[in-house]
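> Quick one: this structure, given as structure tokens, is what I'll be asking you about.
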Amino acid sequence: MSLLRHVLIALLLIAGAATVSPALADKQSAAKLKAARADFDKISIPTLMKMAPLIEKPAAERLAAYKSLKLSDTTCLDGTGSGFRADQVAAEAAARVCMEVAAWLAGNDVLACRYGSWDTLTQATGDREKPDARIQKTYEKRGVGALHDRVLTAAGCAGKDMTYWAGRTVELFASTAGASKVGPDGKIVATAANGEWPFRSCSYAGTLAGETDLSNVAGAAFQGCKAISSFMYSVVPERQSTCNGLTGALEVVSRNPGRDILESERANVKALLEATYTGLNCAAAGSAAGATVAMAVPGPSVEQQASDLVQQITGEIGMKESNLDFAETWEDRGDYERACSYYSQGLRGLARIYSLYLELTHVTGDAAYTAKAKTFEAEELEIRAYARPECKANGHPIF
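Going by the working numbering, the first residue of the sequence shown is number 61, and it counts up by one from there.
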């Protein structure tokens with residue numbers, strides 16, 4: 061066995077999970093509960109109480125208060141994660157309500173209505189394994205559920221149909237993509253206008269609009285948002301994947317000319333997609349992907365290439381396991397929208413791991429990595445065989 065393979069195996073073993081003793085598990089559980097309580101007591105509830113009197117105020121007054129409180133759409137984001145990890149649904153629900161109220165004060169009806177559509181609240185009083193009595197009591201005493209209902213009413217979520225959300229998708233795509241200029245280094249600089257959460261709002265609006273079902277223009281904007289944000293915010297950005305997404309969006313925006321409910325926006329959406337496609341040099345990327353390069357600048361050594369691949373594999377395995385854990389947890393809770401979303405992400409992760417192991421075989425010449433790739437391929441097929449029919453039966457098909 062080569063020294064290189066010894067090193068790679070050591071790196072992969074380090075990435076593996078160690079057995080956790082019962083005592084350590086109890087200690088970790090206590091730490092998770094402590095973190096959930098801290099976020100609930102120090103952030104979610106106090107922030108909600110500050111915002112509650114402002115929910116029904118006029119837009120200008122809400123926005124002024126939002127700025128004076130120095131809030132953001134994500135002020136309570138940590139509380140959703142700590143509540144989830146501690147299995148304290150009331151803590152998680154309070155954090156989500158805090159996020160939707162903050163979004164509403166800021167004038168972001170997309171996040172307010174999207175958060176409000178999640179079914180976390182109905183589970184906050186459910187019979188869970190170890191509900192924390194103090195968290196539960198405070199949740200009920202402070203009327204968190206009533207605040208949730210007030211936001212949905214104030215934002216008019218029930219009256220905003222898919223046509224409305226299609227328009228919002230295009231509006232948000234125009235503002236985010238318009239601010240997403242590709243620099244000389246081939247990267248897009250993040251700003252307040254095209255940060256992760258503006259793009260997330262664009263994607264959520266597209267989901268509320270039914271993705272491509274109602275309007276091809278909105279569907280293209282939705283695909284464009286996902287492609288650009290993936291390139292900007294993925295742990296390992298994939299230019300070719302982004303270019304493929306933009307190509308698909310350009311195909312969608314060209315469908316049924318003259319007959320779209322957002323026909324007046326077609327030219328602008330198409331121009332923004334084309335500008336990003338050109339800025340990322342997608343035409344050249346597509347040609348290079350299928351061509352044999354005759355002469356190339358000397359690249360990194362085999363050892364460096366292999367080490368880089370192992371690091372990518374380690375990261376992908378961690379994300380894959382996290383996504384599949386979340387999928388199982390949400391499925392147990394009956395929330396198939398989120399469960400199937402996480403299953404889909406987990407399956408994509410498995411496909412990437414398979415490809416990375418094949419690339420590792422190519423780089424090192426060690427066929428053992430092909431065998432390893434096949435184990436992840438088998439896992440992908442097994443999970444897909446279970447998740448696809450399950451998600452389809454519950455109204456959230458995955459592909």
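Don't be surprised by glycine CBs; every beta carbon is placed ideally from N, CA and C.
With respect to the alpha helix (DSSP H) encompassing His208, which residues constitute its N-terminal and C-terminal limits?
Where His208 is concerned, the enclosing alpha helix (DSSP H) stretches over 204 to 214.
> Between Gln371, Ala150, Asp245, which lies nearest to Glu200 when the distance is taken from Cα to Cα?
For Glu200, the nearest C-alpha among the options comes from Ala150.
> Compare the C-alpha of Cys217 against each of Glu363, Asp169, Ile458, Ala234 and name the closest.
Asp169
> At the level of alpha carbons, what is the spacing between Ala331 and Tyr293?
23 Å
> Measuring CB atoms only, is the stretch 222 to 239 touching the stretch 203 to 214, in the sense that at least three cross pairs come out at less than 8 Å?
no
> Using the C-alpha atoms, what's the distance from Gly406 back to Leu165?
34 Å
> Could you check the C-alpha separation between Asp392 and Phe386 for me, to the nearest Å?
Cα-Cα distance, rounded: 10 Å.
> Measuring only the C-alpha atoms, how far is His456 from Ala281?
Whole-angstrom Cα-Cα distance: 21 Å.
> My output table needs one value for Val249: the three-state DSSP class, helix, strand or coil.
Residue state, collapsed to three classes: coil.
> Determine the contact status of Asp138 and Asp99, defining contact as a CB-CB distance below 8 Å.
Contact: yes.
> Quick check on the burial criterion: 16 or more other C-beta atoms within 10 angstroms. Buried or exposed for Ala237?
buried
> Restricting to Cα atoms, I'd like to know which of Ala234, Phe233, Ile248 is closest to Ser240.
Of the candidates Ala234, Phe233, Ile248, the residue whose Cα lies closest to the Cα of Ser240 is Ile248.
> Sorted by chain position, which residues of the same chain lie with C-beta nearer than 7 Å to Glu397's C-beta, five sequence neighbours on each side aside?
His456
> Give every residue of the same chain whose Cβ lies closer than 8 Å to the Cβ of Phe233, excluding the five residues on either side of it in the sequence, and list them in chain order.
Cys262, Ala281, Phe282, Gly284, Cys285, Val329, Leu332
> Excluding sequence positions up to five away, which residues of its chain have a Cβ less than 7 Å from the Cβ of Met355?
Per-residue confidence for Met355 stands at a pLDDT of 39, beneath the threshold of 50, marking its modelled position as unreliable; no derived number is given.
> If you draw a straight line from the alpha carbon of Ala344 to that of Ala163, how long is it in whole angstroms?
40 Å
> I'd like to know whether the C-beta of Gly378 is nearer than 8 Å to at least one C-beta of chain D.
No chain D appears in this structure, which consists of one protein chain only.
> Name the two residues that bound the continuous alpha helix (DSSP H) containing His422.
Start and end: 396 to 424.
> Straight-line CA distance for Pro113 to Ala172?
16 Å
> Assuming contact is defined by CB atoms lying nearer than 8 Å, are Ala447 and Tyr403 in contact in what I supplied?
yes
> When you compare each of Ile103, Cys136, Leu129, Tyr337 to Ser301 by their alpha carbons, which one comes out closest?
Tyr337
> Report back the beta-carbon spacing between Arg326 and Val312 to the nearest angstrom; my notes put them in contact at under 8 Å.
With 8 Å as the limit, Arg326 and Val312 do not qualify as a contact, their Cβ atoms being about 11 Å apart.
> Considering only residues of the stretch 267 to 329, which uninterrupted alpha helix (DSSP H) runs meet the minimum length of 4 residues and lie entirely inside it, listed in chain order?
276 to 293, 299 to 313
> My assumption, with CB atoms under 8 Å, is that Leu268 sits in contact with Arg156. Please give the rounded CB distance.
Contact doesn't hold; Cβ gap of about 17 Å is too wide.
> Per DSSP, which one or two residues make a beta bridge with Gly242?
For the sequence presented, residue 242 should be read as Val rather than Gly. In DSSP, Val242 forms a bridge with Ile248.
> Can you grab the Cα-Cα spacing for the pair Ser289 / Arg299, in whole Å?
A direct Cα-to-Cα measurement between Ser289 and Arg299 gives close to 12 Å.
> Distance check for Glu323 and Ala366, CA to CA, integer angstroms please.
50 Å
> Provide the residue span of the alpha helix (DSSP H) that contains Glu486, from first to last.
Absent from the model: residue 486. The displayed extent of the chain is 61 to 459, so no value can be given.
> Just to confirm, are Leu108 and Val161 a CB contact at a threshold of 8 Å?
yes
> Quick check on Thr198: buried or exposed, where buried means 16 or more other Cβ atoms within 10 Å of its Cβ?
The Cβ neighbour count for Thr198, taken over all protein chains shown within 10 Å, is at least 16; the residue is labelled buried.
> Leu410 and Lys434 - do their beta-carbons sit closer together than 8 Å?
No, Cβ-Cβ distance for Lys434 and Leu410 is not below 8 Å.
> Measure the C-alpha to C-alpha separation of Gln196 and Gly318 and round it to an integer number of angstroms.
55 Å
> Starting from Lys201, follow the alpha helix (DSSP H) in both directions and report where the run begins and ends.
193 to 201
> Quick one: what does DSSP say Leu129 is sitting in, helix, strand or coil?
coil
> Can you list, in chain order, the residues of its chain with a C-beta nearer than 7 Å to that of Ala276? Leave out the 5 residues immediately preceding and following it.
According to the sequence shown, residue 276 is Asn rather than Ala. Val312, Val313, Arg315, Asn316, Asp320.
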